[in-house]
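Residues 1 to 144, numbered by UniProt numbering, are exactly what the sequence shown covers, in order. Yeah, the Cβ is synthetic: ideal placement off N, Cα and C, and Gly gets one too. This structure is a prediction, so every number in the text was calculated from the model and none was measured. Okay, so here's the structure we're looking at.
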Amino acid sequence: LTGSQTISVPTTAIAGKKDVTVSIWLKNNYGNGNTAAAYIGAAKTGNYPANGYWLLNPANPSGYAKSVMTNATVADPDNSPWGTEVGPGSTNAATTGTKATSDLALYTTVINGTNSTMSFYLNGKQVGDATYTIPAGGLTNYGD
1 LTGSQTISVP TTAIAGKKDV TVSIWLKNNY GNGNTAAAYI GAAKTGNYPA
51 NGYWLLNPAN PSGYAKSVMT NATVADPDNS PWGTEVGPGS TNAATTGTKA
101 TSDLALYTTV INGTNSTMSF YLNGKQVGDA TYTIPAGGLT NYGD
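Have a look at this one:
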């Protein structure tokens with residue numbers, strides 16, 4: 001895919017799932033920036049997804065691989081959800097984790113909503129901390 005092309009997975013495939021592993025092979029052709037290669041979460045309300053999200057950005061503006069979940073949820077929305085991100089390369093910790101690659105790479109995020117943790121791997125190697133604390137329930141918190 002190039003440009004603004006997207007792949008959409010029916011939300012019924014993951015609806016109500018607390019524990020999800022997302023693995024994506026991709027090549028970052030865009031360089032550093034605020035470009036989401038994958039996103040799971042509620043649709044925008046106003047200008048932002050106040051109910052939270054998980055997103056994968058192969059190279060954040062600082063040049064680090066980013067896989068984050070927010071602490072903003074349906075129960076506790078935030079109009080600036082990027083400020084509640086948890087994970088390597090997050091908005092408030094942009095230079096944590098692993099420098100991005102422009103090569104074809106395997107990005108894997110393990111979301112364990114049962115135990116309130118998330119882990120991120122780039123080409124099978126752990127990125128950042130062993131686990132990041134996320135809201136209990138994982139993706140079920142985002143209302144989509």
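>> Quick check: what's the CA-CA separation for tyrosine 126 versus phenylalanine 120?
In response: What you label residue 126 is simply residue 126 of the sequence shown in a count that begins at 1. What you label residue 120 is simply residue 120 of the sequence shown in a count that begins at 1. Per the sequence presented here, residue 126 reads as glutamine, with tyrosine not at that position. Between glutamine 126 and phenylalanine 120, the C-alpha separation is close to 6 Å.
> Under the three-state reduction of DSSP, which class applies to glycine 113: helix, strand or coil?
Replying inline: Translated into the one-based positions of the sequence shown, residue 113 becomes position 113. DSSP places glycine 113 in coil when its eight states are reduced to three.
> Could you give the uninterrupted runs of the beta strand (DSSP E) lying entirely in the segment 25-110, keeping only those of 3 residues or more?
Replying inline: 38-41, 53-57, 66-70
> For alanine 6, does the three-state DSSP call read helix, strand or coil?
Replying inline: On the sequence shown, position 6 is the one that residue 6 refers to. The amino acid at residue 6 is misidentified as alanine; the sequence shows threonine. Looking at threonine 6 - three-state DSSP - the assignment turns out to be coil, as it is neither helix nor strand.
>> For threonine 117 and isoleucine 134, what's the separation of their Cα atoms in angstroms?
In response: As a working mapping, residue 117 is identified with position 117 in the sequence shown. As a working mapping, residue 134 is identified with position 134 in the sequence shown. Spanning the two alpha carbons is a distance of roughly 5 Å.
> Can you give the Cα-Cα distance for glycine 31 and alanine 59, rounded to whole angstroms?
Replying inline: Within the sequence shown, residue 31 is the residue found at index 31, counting from 1. Within the sequence shown, residue 59 is the residue found at index 59, counting from 1. Taking the straight line from one Cα to the other gives about 6 Å.
> Going by beta carbon distance, what residues of the same chain come within less than 6 Å of tryptophan 25, once the five residues before and after it are set aside?
Replying inline: Position 25 of the sequence shown, counted from the first residue, corresponds to residue 25. These residues qualify, in order along the chain: Leu106.
> Based on the DSSP secondary-structure assignment, which residues constitute the bridge partners of aspartate 129?
Replying inline: Position 129 of the sequence shown, counted from the first residue, corresponds to residue 129. Note: aspartate 129 sits in no beta bridge, so no partner.
> Cβ atoms of glycine 128 and glycine 83: under 9 Å apart, would you say?
Replying inline: Reading the sequence shown from its first residue, position 83 is the one you call residue 83. Reading the sequence shown from its first residue, position 128 is the one you call residue 128. Contact flag unset, no.
> Taking Cβ positions, are alanine 75 and proline 81 nearer each other than 9 Å?
Replying inline: As a position in the sequence shown, residue 75 is number 75, starting the count at 1. As a position in the sequence shown, residue 81 is number 81, starting the count at 1. Going by C-beta atoms, alanine 75 is not nearer than 9 Å to proline 81.
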